[in-house]
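> This is the structure, below, for whatever I ask next.
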Amino acid sequence: MDVQFTPEEIAFREEVRTFLETEYPAELRGKYSRDEYSKEDFLLWQKTLHKRGWGAPAWPKQYGGTGWTATQKYIFQEECARAETLPIPPFGMSMLAPVLMAFASEEQKAHYLPRIIEGTDFWCQGYSEPGAGSDLASLKTKAERVGDHYIINGQKTWTTLGHFADWIFVLCRTDATARKPQEGISFILVDMKTPGVEVRPIITMDGGHEVNETWFTDVKVPVANLVGKENEGWTYAKYLLAHERTGIAGVARSKKGIERLREIASVELDAGQPIIRNPDFAKKISELEIDLTALEYTELRTLARESQGKGPGPESSILKIKGTEIQQRITELTLEAVGVYGAPYFRGFPKDGDNMFPIGPDYAHLTAPMYANMRKTSIYGGSNEIQHNIIAKMVLGL
Amino acid sequence: MDFSFTSEQDMLRDTVAKLVAQQYDFDTRRKVAKSDAGWRPEMWAQFAELGLLGAAFSEAEGGFGSGPIEAMIVMEEFGKGLVIEPYLQTVVIGGNFLRHGGTDAQKEELIPSLIGGETIFAFAYSEPKSRYDLHDVSTTAKKDGAGYVLNGHKAVVLGAPFATHLIITARTSGGQRDTGGVSVFIVPKGAKGVTTRDYPTVDGLRASEVYFENVAVGAEALVGAADNGLALTEKVVDNAIAALCAEAVGCFKVLNEATISYAKQRKQFGQPIANFQVLQHRMVDMFMAAEQAASMTFMVTLKLDEADKARKMAASAAKVQIGKAGKLISQDAVQIHGGMGMTDELNVGHFFKRVTMIESQFGNTDWHLRRYTELSAS
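Line order of the protein sequences matches chains D and R. If you count by the working numbering, then the first sequence holds residues 1 to 398, one letter each, in order. If you count by the working numbering, then the second sequence holds residues 399 to 776, one letter each, in order.
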């Protein structure tokens, strides 16, 4: 065991850092911290990575992966967080792709995977429904087989970035007579341009538009878009969720978040001195940072197990629970640090061209909306209570 | 970066695990803790025979391994058996004082006999009023010719009843709370003027109040530089903290396994209590706390040779995490065991008491949180 980086790993870090300094698109700089992004921004970043041969670090080499070691991937994550690059949306890259690799036909793999890595298609996820949240298997969206097509009817919700998406992977009920709710579900790929697909925005309490309702009315989809076997979709859905959890820890981004929190707390005054010198506040930062260190080493242990060929197991639920708690706590303390300037609300204000007076420090502008927005993390991807159930059942055998 | 163990390290773990399983079952441990001697010298001899006392020393030092990782492995397995014998005091603390501060003569004299099982250390650092500050030292060592004369009172010196030698922090200059002026000495416990009052501790170990009255020692008793012993002491104590974290991780594993298996067999309202979600989630929290604690133990063990600030922050971070995890796991283990968890008959209470004592050993959670915070601002 050791935690020293080898000279090769240090050289790799330099290589990544140089790449990000020189190749990260100028028009994307600063967008991550301003929480601004468009579909084109995400795809441009993906194309840039692909051009460098780094389009899919987590994929196996045969599909265009980098063949990096776990340590290299870790370094890459750290450097991207440090440079505040846009994140890579997980829907195509880390949710759908592993399912395709494991269960799709050769034709499907050959068609869809390159389009993900090249930054051609933007994907979204059609899992949750108004009546199927944590109890996902109770989903009702129906796909009826008619000749060479499925006819899909129903409603999905919380479709993150659905308004950007070219494609959606949808869990549908294909056998209404199955004995158990988990049976009779299929995993189907749908072109968002198909007639009958309608996306309606949901505005969240932070004022942002991230999630949507996606409605399906007599949507006609070729049978060739079924992944794996009909009625076996639950197996694929669970496989996807296990993969989703490994990336969800967000250690590198959280490290950067704490760094920013410390910077802010070093200039915000409390009783006449930087609030970071207030022992009560400083203690909260320390506890948060210590929790993050523990999470980081738990993730490293998980990666080490994976690199020995043991896939992500149910213990990856720890990463989800702790990772999201930490992400939430960072935004909570940042809001606390900015004091009164947490109140002004800037989304859509001031109108273009108004630059008369600065209203508080720039770093304060998004703190309250971010705090509000991050409450989602302990709800999505299988709520943290569901993660507790998973560990109880799968790891502890309860 | 690499998180795998070598095959020698795996073998070491197997050896210790087997020894604990075969010779350190709970009933035996309980009997030994209550016996007059309070430990088993023959067990210590067995540790020596099996090479456990040399596992944390490099081959150049006369040992069989390389250091902190081996100590971590041994301590975790010892934690599972609530091992009483003073491995922490002797191998981790004594060994590291010699390794990082010992003169060649001290190493030659003491390391082979330590590995052989003849030399046993106890670490006399805390005082009735010093609480957790290592620099808060009122015990004095006055220069007297080439040597020194020691006077003072050291509090709750763990393992002192079993020790052949005491490692003592004493003030050679400055005031009681000055960071400079602290020196470290090794003194045979039988030296003239050393008096001990031995007693059991709540977690089944033994300790002593140690009094020094005009104890004359030669210059060769000094470990490290005179007046500059604090940095050395902090480094050794950080090593001890890493080992203590490993011991705690061993305790956590036993507590969690015991709790889960009890919850599966204990029936109330016509079903095993393990079926109740409110208990399931508590047990998941215990499991996660233990995993995070294990991760932090890796972290601190791997950072013991880093520069002072990084090492100290690592040790304090780990101690905070282990302290919090310990409270959660030990309290919930007792709670889920219900009335049975309260009894002396069941092992759970004994692990509870050991974990509680670990929380305050070498500084409690608050103390380390403060140290971490001060270091991160420096």
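Backbone N, C-alpha and C fix where the C-beta goes; we use that ideal spot for every residue, glycine too. Only a predicted model underlies this, so the values are computations on that prediction, with no experimental measurement involved.
What's the gap between the Cα of R:Val600 and the Cα of D:Ile10?
Each residue's Cα considered, the two are about 49 angstroms apart.
> Whole angstroms is fine: what's the gap from D:Asp230's alpha carbon to D:Val190's?
Residue identity differs from the one stated: residue 230 of chain D is Glu in this sequence, not Asp. In a straight line, the C-alpha of D:Glu230 is about 15 angstroms away from that of D:Val190.
> When you compare only the Cα positions, how much space is there between D:Gly196 and D:Gly339?
The straight-line gap from Cα to Cα measures roughly 48 angstroms.
> Would you mind telling me which residues of chain R sit closer than 7 angstroms to D:Met95, beta carbon to beta carbon, in chain order?
Result: empty, since nearest Cβ-Cβ is about 24 angstroms, beyond 7 angstroms.
> Let me know the secondary structure DSSP gives D:Arg329 once reduced to three states.
D:Arg329: helix per DSSP, three-state reduction.
> Which complete beta strand (DSSP E) runs does the segment 131 to 165 of chain D hold, if anything under 3 residues is left out?
You should have 142 to 146, 149 to 156.
> Is D:Arg173 near D:Lys220, with beta carbons less than 7 angstroms apart?
Against a cut-off of 7 angstroms, the Cβ pair of D:Lys220 and D:Arg173 comes out as no contact.
> Helix or strand or just coil, what does DSSP make of R:Gly823?
Nothing about residue 823 of chain R can be reported from this structure: the residues present for chain R run from 399 to 776 only.
> Leaving out the 5 sequence neighbours to the left and right, which residues in its chain are closer than 7 angstroms to D:Ala81 when beta-carbon positions are compared?
For D:Ala81, where only same-chain residues beyond five positions count, the Cβ hits under 7 angstroms are Ala252, Arg253, Lys255, Lys256.
> Scan the segment 712 to 730 of chain R for residues whose Cβ lies nearer than 7 angstroms to a Cβ of chain C and list them as they occur along the chain.
In summary, chain C is missing from the structure at hand, where the protein chains are D and R.
> Using Cβ-Cβ distances below 9 angstroms, what residues of the segment 276 to 300 of chain D are close to chain R?
Listed by position, the residues of the segment 276 to 300 of chain D near chain R (Cβ gap below 9 angstroms) are Ile276, Arg277, Pro279, Ala282, Lys283, Ile285, Ser286, Glu287, Glu289, Ile290, Asp291, Thr293, Ala294, Leu295, Glu296, Tyr297, Thr298, Glu299, Leu300.
> Consider the Cβ of D:Ile326: report whether some Cβ of chain R lies at a distance smaller than 7 angstroms.
No, because no Cβ of chain R sits closer than 7 angstroms to the Cβ of D:Ile326.
> Taking the beta carbon of R:Asn612 as the centre, do at least 16 other beta carbons fall within 10 Å, making it buried, or is it exposed?
With fewer than 16 Cβ atoms within 10 Å of its Cβ, R:Asn612 is classed as exposed.
> For D:Arg347, count neighbouring C-beta atoms within 10 Å of its own C-beta (all shown protein chains included) and say buried if the count is 16 or more, exposed if not.
D:Arg347 comes out exposed.
> Starting from the beta carbon of D:Lys320, find every residue of chain R whose beta carbon is closer than 9 angstroms, and list them in chain order.
Here the premise fails: no neighbours, minimum Cβ distance about 11 angstroms.
> In whole angstroms, give me the CA-to-CA distance for R:Arg427 and R:Ile584.
Their Cα atoms are separated by approximately 30 angstroms.
> Between the segment 707 to 719 of chain R and the segment 626 to 642 of chain R, do at least 3 Cβ pairs fall closer than 8 angstroms?
As far as the Cβ criterion goes, the segment 707 to 719 of chain R touches the segment 626 to 642 of chain R, which means the pair count is three or higher.
> Kindly list, in the order they appear in chain D, the residues whose Cβ is closer than 8 angstroms to that of R:Phe455.
By Cβ distance, chain D contributes nothing, its closest Cβ being about 18 angstroms from R:Phe455, past 8 angstroms.
> Which residues, in chain order, does the segment 523 to 555 of chain R contribute to contact with chain D at a C-beta distance below 8 angstroms?
Within the segment 523 to 555 of chain R, no residue has a Cβ that lies closer than 8 angstroms to any Cβ of chain D.
> So, helix, strand or coil for R:Ser774, using DSSP?
The answer is helix: DSSP assigns R:Ser774 an H, G or I state.
> In whole angstroms, what is the alpha-carbon distance linking D:Gly126 and R:Val682?
Near 30 angstroms, if we compare the C-alpha coordinates of R:Val682 and D:Gly126.
> Any idea what DSSP makes of D:Thr45, helix, strand or coil?
Strictly speaking, residue 45 of chain D in this sequence is Trp, with Thr absent from that position. Helix.
> Does DSSP classify D:Tyr341 as helix, strand or coil?
Residue state, collapsed to three classes: helix.
> Can you give the Cα-Cα distance for R:Arg769 and D:Glu118, rounded to whole angstroms?
Each residue's Cα considered, the two are about 49 angstroms apart.
> At a cut of 8 angstroms, does the segment 417 to 426 of chain R reach the segment 14 to 34 of chain D through at least three beta carbon pairs?
The segment 417 to 426 of chain R is not in contact with the segment 14 to 34 of chain D.
> Would you kindly report the start and end of the unbroken beta strand (DSSP E) that includes R:Arg569?
Run containing R:Arg569: 563 to 569, per the beta strand (DSSP E) assignment.
> Just list the beta strand (DSSP E) runs in the segment 204 to 239 of chain D, keeping only unbroken ones of 3 residues or longer that don't cross its boundaries, in chain order.
Complete beta strand (DSSP E) runs here, min 3: 209 to 222.
> Could you tell me which of D:Ile359, D:Asn384, D:Arg260, D:Ala343 sits nearest to D:Asp206, measuring between CA atoms?
Ranking the options by Cα distance to D:Asp206, first place goes to D:Ala343.
> For a contact meaning CB atoms closer than 7 angstroms, what does R:Leu700 contact in chain D?
Per Cβ cutoff of 7 angstroms: Met1, Asp2, Val3.
> Note down, one range per segment and in chain order, each alpha helix (DSSP H) of at least 4 residues found wholly within the segment 646 to 706 of chain R.
Whole alpha helix (DSSP H) segments, 4+ residues: 675 to 700.
> For D:Ala56, I'd like the list of residues in its chain whose CB is within less than 6 angstroms of its CB, leaving aside the five on either flank, ordered along the chain.
Correct list, in chain order: Gly64, Gly65, Ile117.
> What is the rounded straight-line gap between the Cα of R:Asp730 and the Cα of R:Gln690?
Answer to the nearest angstrom: the Cα atoms are 17 angstroms apart.
> Mind listing the chain D neighbours of R:Ser693? Cutoff is C-beta to C-beta under 9 angstroms, in chain order.
Correct list: Thr293, Ala294, Leu295, Glu296, Tyr297, Thr298, Glu299, Leu300, Arg301.
> Just to make sure I have the definition right: I need the residues of chain R whose C-beta is within less than 7 angstroms of the C-beta of D:Ile391. Which are they?
Correct list: Val682, Phe685.
> Is the beta carbon of R:Ala453 closer than 7 angstroms to that of R:Phe462?
It is a contact, given that the beta carbons lie within the stated cut-off.
> Give a yes or no on whether the minimum CB-CB distance between R:Glu468 and chain D is below 7 angstroms.
No, R:Glu468 does not count as interfacial toward chain D.
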